[in-house]
Every structure is written in C-alpha cells, then in structure tokens.
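Participant:
Chains as they are written, first to last, in our numbering: chain A, 106 to 388; chain B, 733 to 983; chain C, 499 to 854.
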C-alpha cells in the first residue's frame, strides 16, 4: 500500500470496497456483548496496530466502526468485541460461525507503540473501553521485555458486565503485571473491589517521567480520570485517550467524527491529551 | 441468508381509515411480486378473501376509536412478532384526530347528521397510544418506497428508522423554491422527513401528514411562522389536521 | 491572442491571456459546446435560480443570484452510488463514475471558490477518487460579478469577488463584448477550437477591466469583521451571548449546510431491491445541523444542542478549515443566510460576535 502512487490508488478505486471476512467463532460474553473471531479471505493478515479499528460492513444493512481487540502478535485472524447497540451490531449479533461479513480497514492512528517502548504503562479501561486496550495489553504481554512496569486498572458497572473474564483471570496472575479491577455496584458473588475506577488511581505508584497512561472508557469517565491523572502529575502528552465517535467512512471524508480540525477516524481514535485539551466538544 | 428461509407472514388489519393506504400497495404492481418471494400476505381485505390468524407481522391501518377496536388491536399485538403502524391514521391518528378538538357528541352530529344515534365512536388514538409499535410507515397516503424499506428491514433483521429531521432537508436537495419564499405556508419545517418531499416537489404544500418532529425547537418554529404572518388560530388548524392526537395536551 | 504582463493589483505579475467574445455570439458558443459537451448553467426556477442542463442557449441567466444549490452537486452529487452488490454473495464491486464531459457555463467566482475548497478536502490522503474523476472532466466558464448579489453576500470580505483561478475561462462584461480570460490549457484549447467566435483582446478592454475591479473594492461589506480576524472571532467567541440567540432561533432544517458550496459531509446508506438479490451502497449529503449527525450507536451525542451544532458549522468555515487546509471554507456566496428558515444571518452572527 505504502508504495502505491496516487494514480495507482485511484485506479484501485474505491475507498469504500470491503474485503470478505469470515466469522470463525462467536462467543456470548455478556448479555449485550459478543466476541467475534474473524479471518480475512485467504487468511490474509489485517496488519493492524493496537488501537486501530475496522469498519464492519454488512451489505444491505450498513457499516459500523469497531475497535480491533486482539493483538497483532496473533496472526491469521483478529478479534472484535461488539456491543449490540445499533442496526448493524444487532444484525451482526444474529450471525453465526461461518457467516461472511465485509471488513474495511484497519483505520486510524493506534497507540504509538514505538514511543511506548521502555516506558511504564498504566492502562485504565472502563466498560467496553477494554476492547481497544486489550489489543495493546496483549501486545505488551507478548513483548513484555520491551516495556517497563505495567499496571492495568479495569472497571465496569457491575460484575455481570465484566468482559474477558478468563483473560482477566490470567492477567491477574501475571507476576510482571499489576492488575486491579473494580465494579461500580457489587453483586452477592462478587468478592472483588467495589467503587469507581478513579478511586484506584491514587494508589498506583507512578514515575511521572516515564509513565504513559492509556485510557479508554465511556465519555463521562475521561473527565474524572483526567483529574486524577493530573493530580499524579503525568504530563499531558503521556496520557493517551482512545475516543469513540461516529466514524462512518473511516477515511476522513464524511465529516461525522470531526473534533475540531481532527478527524477521529484518521487522526485518532487515539489522541494524546495535549492534542485534545481545550478543544470544543473533544472530551 | 438462506434461500429456504420460511416466508414472513404478513397480515393487514384496518381500523378507522379510508383504506387508501392499503390500496397504495397494489400500485407496487410487479414489484409486489418480487417481495412476495420473501413474504406471504395472509390477510388483506382490499385484495383477498381468505384469511389466516397466523402471522409474524401485523400491519395496522387506521386510528383506534372504539373500545372493541382497542381490544382487537391488543389481541393482534399479542399474536404478532412485529407490529407496523401503516399510514397517517395509524401513526399519528391522522385526520381523524381533528375530533380531538371537538366533543364526541358534536362530532357525531356534524359527521353523521340524523344518524348519530346509530354510530359509535370514542376517543381517537394513534396505534402507539394503545399498543407498542415496532415500525412506522408514515404518510397520507403512505410512500411505497418507505413501505418497501420497512419490509426489507424486517426481512434483513434491521428495522427501518424514520428520519427525525425536517422535510426541508429533502426538499432542499430537490432544489425546490421554498414555499415561504412564495408567500405560502408549509408544514415542512416541523414535519419529519422520509417522503422525499413528495408534495412540495409536486406543486403542493406540506400538511404534516407524516407527523411532527420529535426534537422540535417549538418556539423557534412559532417565531418563523409568525414572521410569515401566520396567526395562532391558523397554526392550530395546520397542526391539528394530521396531528390532533399527538399535540401537547392531547396525548 | 493577446499575451500581456501587467503590473496592477489585479493582474500583478501574471502573464494572462485575454480574448473578446461578442455578446451576440454567446448563444452560438453555447450551441457549439452542446454538440460535444453536456452544458449546465444558471437557469430560472420560479423567482430563484438553479444550475441545470441547458437545452437552449437562451435559458442561461448569466445575470443571476447564487442558484439554490451550488456547483457541488456536479462533483459530489446529492446521492452517489459507491458500491453495487449481490446481496446473497457478500461481494461488492465499486460503481464506476460515469465519464461525462461537462461544461459549467456562467458560474460566479464564489461558486468556483467552493470547488477549490472541495478539491482541498478531497485531496487529503486518502484521496476521494470519485471527486477527482469528475473534476477531470469538467470545464468551467465563469462569469465575473459586476455588482454584489444582495446584502447577504459577503464575497468582498471573503475576497472571492474577483476571479482568482479555479476556472478555465472567465467572462467579464465589457459593453458589447465579454472579455474572456484564459486560465488553463483546457480553456485555451477551447478557444482554439471555436476560434471563429472569438476576437483578439485590446488594451482598452483590459484597462477597463482593471478600472472595473478597482470600483468593486467599494462594494459594501455586510460582514464587518476583518478578513484576518474571522478565525479569531469564531474561536474566541464561543461563550458569547449571541450564540444563545442563534440557539433559540435555529430549527435544524439543515438548509444552511445543504446549500453551502463547501459542505461535503455525507452519510452512507444501503439499498436492496425488493427481490433481495441486488443492492447498492450510496453516499448521500448529510448535515452537521441534524441531531443525529454526531450521535454514536450507544446513544452518546457529541453535539446534542443546536448551539454546539451551529458553532460547529462556523468553526468549520472559519477555523478548522484554516488549520487543516489553510483557507476559509466560506465563499461569501450568502446562500446560508438566504436559505435560513429562521433568518439566522452569517454576517450578523459574526458582526455580533465582535460586539461586547
């Protein structure tokens, strides 16, 4: 791709043409979320970076932007965690193993993996926010020696909404990863922490010079998490946020995901906080 | 999407209406045959005799007026997987809703002079004022393209969503000269789109047969109309022609 | 053909070519063009104008106010098919842009500027190939404005009232003749092809052009904010009380963006035939003024209220576009003000933003 001239690209024509992908496995994760494992036609690699997204394209229905939740270190397939929320995701939830779907992408700027090498990483994920972060978390775990201290803070509303339960179990047992999980509201069989994710931040030991905080969650979470991270004096350019927007085309044309001069689908969805600070409607 | 999939059984029912919207369907002509590959119409008074009480989709035409209509509708709702409000009378109460501005007695006297004692009617309601509605096909009459979109949505598992923006959007894309520019009154700015600005593109004005916008800047709209010399009384008539059941205080 | 290098504010440093076209020959030119091209231009529609196909040269209204929709529709149609697919095969093929040689006859400089803006937006990688394929086959013959359209036009402040490029030929009224400025190889080829209709330009006509353009600087400016201050005015004025008034009036009819020559946002929608065999995916114009524009599937809406949507519109015209493309995305055509149901005026809003 990178070597194509403009003309060659235009001959290839459509930015909007999906490639075929096959659902090779589906798993119900919670009441509203499903896990999809997808192989591209001919087992082609997606070649994504952690933090990027694809447009899931169902011909006749439409397209929806979905974060890639698997690490690029896993070859031959990729994974999506999909919440049933709109038209496309509802139809997708009704699809079974073997079904074919269209895929466009990967799109956008993911996490700056090279910049993160050798650094301490503080992951903060709320709710479905774990989906894009999982891509980076598993990448980091697979290349553990390339990174410094790793801390994962995970939160969601209630235990039944916890995603990737098996995997979380594994993360919590890793000796070289500090893992903490909390739920806003407990349940009878919940033995873990109860409280907001922001309450976990003060307890993390942070070397401000070399800590990057990587945050993804519902819009309301950013505001409060940022306050706590500021209190910890983490520099603004070391706070990475993955944003959700209505990224309709994925290629910076349709205008829906615009945040000031940025198109979330091309310039994001991962932004460092210093780029977003003060921008109207960004956070 | 397998070929052998069972056909979706669709039943039409009418209540207080002119049946004009059902008649529209016959204008689909050969296109109707296409869709009949995927659906089976099991109850359709305008074109068939035999009926069945087993259906997946109930298409309701007409507004709901009498107590036994209400019961019948609730019964249909209980049997149907999907219930579609079809046409202005079903979706908003339609022109029948004008009765909301009058007493039942006065209405009967006006509409059925000399026979009023033999006639029965009650509070006029839109279908969604009685039971849950899954999809709407607005309009007086309905727009066939939109009904096709609803049917396809049902078959594809993705329900059609009516736009919640003004008819102006579609009207402007068709490059119509705004009726207000010509000193006419048009309900387009307060009416939900989806008809492709059908009337205003064909020399008519918009009567709001598709119902009022959900997310309306009411004061802003009133200010606009006032600027064009429209009085509150005129407005009331304009608003209640198709939306009598849905106006504030009438819900 | 006359080639001259002139040192004037308006023709400075440029090596420009001019011809003359007798006014009585315009019809002949249009009819000749029609043999080879699809010719579109401003026509009357009731009491307004629209760009449309010219069946007869007499339909063209070179004297016109900006048509209801701008030239945008010839480059990014209201609805454009992107993909065609067989529904059951899960396979889509791109729909090729129909190759069509188009002549736009009689566009104002503001509308030509609109195409320049769209070109910038479409050229950012990855390029929008459909736009460029269409643009390649369009010839623009502009008509220079000799008077402002009305008080709603802000072309003087936006500096779009004089021809500055983006066209192939530009006609300027000079009494019995149009002075025809050549601005591209394609434009020159066109003149050569229809040589029998054109005359050589003369110094008198060209001097007249300069004088006329000097006069144009005296046009009234309804947009009082200085061109250099436009960005600052929007950026720093987001808390200004003027926005409350805009919010109270806006009814989200989307007229302002639909008529705007530089708004390029679109939605993507799928259509399937009733037989569920064939389908298409198309893009259709969308508007940031509509409630659902910035809403995500989960229900979060990043521009819920009308104030933030209207602010977004002006920021896109005067601020974001400057940061991203180094130019304003307002051409001063005045359409948004003319078409607004609620009489929200771009220049009044801007003028009020600089008041205390």
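Note that CB positions come from ideal geometry on N, CA and C, so glycine has one too.
If you follow the alpha helix (DSSP H) that residue 844 of chain B is in, where does it begin and where does it stop?
Facilitator: Residue 844 of chain B sits at position 112 when you count from the first residue of the second chain. Segment: none, residue 844 of chain B is in no alpha helix (DSSP H) and carries neither H nor E.
Participant: Quick one: which chain B residues come within Cβ less than 9 Å of residue 199 of chain A?
Facilitator: For the purposes of this step, residue 199 of chain A is identified with residue 94 of the first chain, where counting begins at 1. For residue 199 of chain A, the C-beta contacts it makes with chain B under 9 Å involve 889, in order along the chain.
Participant: Can you check the region 298-330 of chain A for any alpha helix (DSSP H) of at least 4 residues that lies completely inside it and give the ranges in chain order?
Facilitator: None, since the region 298-330 of chain A contains no complete alpha helix (DSSP H) of that length.
Participant: Which residues of chain C have a Cβ atom closer than 7 Å to the Cβ of residue 324 of chain A, listed in chain order?
Facilitator: The residue labelled residue 324 of chain A in the question sits at position 219 within the first chain. What residue 324 of chain A touches in chain C: 798.
Participant: With 8 Å as the threshold, decide whether the Cβ of residue 182 of chain A is near any Cβ in chain C.
Facilitator: Position 77 of the first chain, counted from the first residue, corresponds to residue 182 of chain A. It does not: the Cβ of residue 182 of chain A has no partner Cβ on chain C nearer than 8 Å.
Participant: Check the Cβ of residue 195 of chain A against every Cβ in chain B and list those closer than 9 Å, keeping chain order.
Facilitator: Within the first chain, residue 195 of chain A is the residue found at index 90, counting from 1. Correct list: 889, 890, 891.
Participant: Run through the region 207-263 of chain A for me and flag every whole alpha helix (DSSP H) of 4 or more residues, listed as ranges in chain order.
Facilitator: 218-221, 235-247
Participant: Strictly under 8 Å for the Cβ-Cβ distance: is residue 165 of chain A near chain B by that measure?
Facilitator: Indexing the first chain from 1 puts residue 165 of chain A at position 60. Yes, its Cβ sits closer than 8 Å to a Cβ of chain B.
Participant: How should residue 924 of chain B be labelled, buried or exposed, when 16 other C-beta atoms within 10 angstroms of its C-beta is the threshold for buried?
Facilitator: To locate residue 924 of chain B, count along the second chain from 1; it is residue 192. By the neighbour-count rule (16 or more Cβ atoms within 10 Å), residue 924 of chain B is buried.
Participant: Suppose contacts are defined by Cβ-Cβ distances below 8 Å. Is residue 341 of chain A in contact with residue 378 of chain A by that definition?
Facilitator: Translated into the one-based positions of the first chain, residue 341 of chain A becomes position 236. Translated into the one-based positions of the first chain, residue 378 of chain A becomes position 273. Cβ atoms of residue 341 of chain A and residue 378 of chain A: closer than 8 Å.
Participant: Quick check: the Cα distance between residue 788 of chain C and residue 681 of chain C, rounded to an integer number of angstroms?
Facilitator: In the third chain, counting from the first residue as 1, residue 788 of chain C sits at position 290. In the third chain, counting from the first residue as 1, residue 681 of chain C sits at position 183. Roughly 39 Å between the two C-alpha positions.
Participant: Rounded to the nearest angstrom, what separates residue 962 of chain B and residue 817 of chain B at their Cα positions?
Facilitator: Here residue 962 of chain B is taken as the residue at index 230 of the second chain, counted from 1. Here residue 817 of chain B is taken as the residue at index 85 of the second chain, counted from 1. Straight-line Cα distance between these residues: approximately 32 Å.
Participant: What are the boundary residues of the beta strand (DSSP E) that includes residue 780 of chain C?
Facilitator: By one-based count along the third chain, residue 780 of chain C stands at place 282. From DSSP, the beta strand (DSSP E) with residue 780 of chain C extends over 776-783.
Participant: Buried or exposed, going by whether 16 or more other CB atoms sit within 10 Å of the CB of residue 221 of chain A?
Facilitator: Within the first chain, the letter at position 116 stands for residue 221 of chain A. Classification of residue 221 of chain A: buried, given that the 10 Å Cβ count is 16 or more.
Participant: Counting only Cβ-Cβ distances shorter than 7 Å, please list the residues of the region 267-288 of chain A near chain B, keeping chain order.
Facilitator: none
Participant: For residue 139 of chain A, collect the residues of the same chain with a Cβ closer than 7 Å to its Cβ; drop the 5 residues on either side in sequence, then sort them by chain order.
Facilitator: Start at 1 with the first residue of the first chain, and residue 139 of chain A comes out as number 34. Result list for residue 139 of chain A: 131, 132, 133, 187, 198, in chain order.
Participant: Which parts of the region 565-602 of chain C are runs of the alpha helix (DSSP H), unbroken and 4 residues or longer, counting only runs that do not cross its ends?
Facilitator: 570-573
Participant: Is the Cβ of residue 192 of chain A closer than 8 Å to any Cβ of chain B?
Facilitator: Here the question's residue 192 of chain A lines up with position 87 in the first chain. Yes, residue 192 of chain A counts as interfacial toward chain B.
Participant: Just grab the DSSP bridge partners of residue 347 of chain A for me.
Facilitator: Here residue 347 of chain A corresponds to residue number 242 of the first chain, with the count starting at 1. Answer by DSSP bridge pairing, in chain order: A:375.
Participant: Going along the chain, which unbroken runs of the beta strand (DSSP E) with 3 or more residues stay wholly within the region 743-823 of chain B?
Facilitator: 771-775, 789-793, 814-818
Participant: In three-state terms, what does DSSP make of residue 920 of chain B?
Facilitator: Residue numbering aside, residue 920 of chain B sits at position 188 when the second chain is read from its first letter. Looking at residue 920 of chain B - three-state DSSP - the assignment turns out to be helix.
Participant: Kindly confirm or deny that the region 875-882 of chain B and the region 835-843 of chain B touch, where touching means at least three C-beta pairs closer than 8 Å.
Facilitator: Segments in contact, no.
Participant: Would you say residue 601 of chain C lies against chain A (beta-carbon separation less than 8 Å)?
Facilitator: Your numbering for residue 601 of chain C matches position 103 in the third chain. No - not a single Cβ of chain A is within 8 Å of the one on residue 601 of chain C.
Participant: For the region 909-920 of chain B, which residues have a CB atom closer than 9 Å to at least one CB atom of chain C, in sequence order?
Facilitator: 909, 910, 912, 913, 914, 920
Participant: Please classify residue 691 of chain C: does DSSP put it in a helix, a strand, or coil?
Facilitator: Here residue 691 of chain C refers to the residue found at position 193 when the third chain is read from its first residue. Residue 691 of chain C: helix per DSSP, three-state reduction.
Participant: Between residue 347 of chain A and residue 232 of chain A, what straight-line distance do the alpha-carbon atoms span, to the nearest angstrom?
Facilitator: As a working note, residue 347 of chain A is residue 242 in the first chain. As a working note, residue 232 of chain A is residue 127 in the first chain. Roughly 13 Å separates the two Cα atoms.
Participant: In this structure, does DSSP put residue 867 of chain B in helix, strand or coil?
Facilitator: Stepping through the second chain from its first residue, residue 867 of chain B is reached at position 135. Under the three-state reduction of DSSP output, residue 867 of chain B falls in the strand class.
Participant: Can you tell me whether residue 676 of chain C is buried or exposed, with buried defined as 16 or more other CB within 10 angstroms of its CB?
Facilitator: Sequence index remark: in the third chain, residue 676 of chain C carries index 178 (1-based). By the neighbour-count rule (16 or more Cβ atoms within 10 Å), residue 676 of chain C is buried.
Participant: Using CA coordinates, which residue listed in C:540, C:562, C:767 is at the minimum distance from residue 554 of chain C?
Facilitator: In the third chain, counting from the first residue as 1, residue 554 of chain C sits at position 56. Among C:540, C:562, C:767, the Cα nearest to that of residue 554 of chain C belongs to C:540.
Participant: Could you check how far apart the C-beta atoms of residue 922 of chain B and residue 945 of chain B are, in whole angstroms? I think they sit under 8 Å.
Facilitator: In the second chain, residue 922 of chain B corresponds to position 190, counting from 1. In the second chain, residue 945 of chain B corresponds to position 213, counting from 1. Between residue 922 of chain B and residue 945 of chain B a beta carbon distance of about 6 Å is seen, short of the 8 Å cut, so the two are scored as contacting.
Participant: Does the region 745-752 of chain B come close enough to the region 795-814 of chain B that 3 or more CB-CB pairs lie under 8 Å?
Facilitator: yes
Participant: With a threshold of 8 Å between beta carbons, is residue 121 of chain A in contact with chain C?
Facilitator: For the purposes of this step, residue 121 of chain A is taken as residue 16 along the first chain, with counting starting at 1. True, the Cβ-Cβ gap to chain C drops below 8 Å.
Participant: For the region 742-801 of chain C, list the alpha helix (DSSP H) runs that are entirely contained and at least 4 residues long, ordered along the chain.
Facilitator: 753-756
Participant: Quick one: which chain C residues come within Cβ less than 7 Å of residue 358 of chain A?
Facilitator: Residue numbering aside, residue 358 of chain A sits at position 253 when the first chain is read from its first letter. In chain order: 626.
Participant: Given that residue 905 of chain B touches chain C, what residues does it touch there, using C-beta distances under 7 Å?
Facilitator: The residue given as residue 905 of chain B occupies position 173 in the second chain. Against residue 905 of chain B, the close residues of chain C are 576, 756, 783, in the order they occur along the chain (beta-carbon pairs closer than 7 Å).
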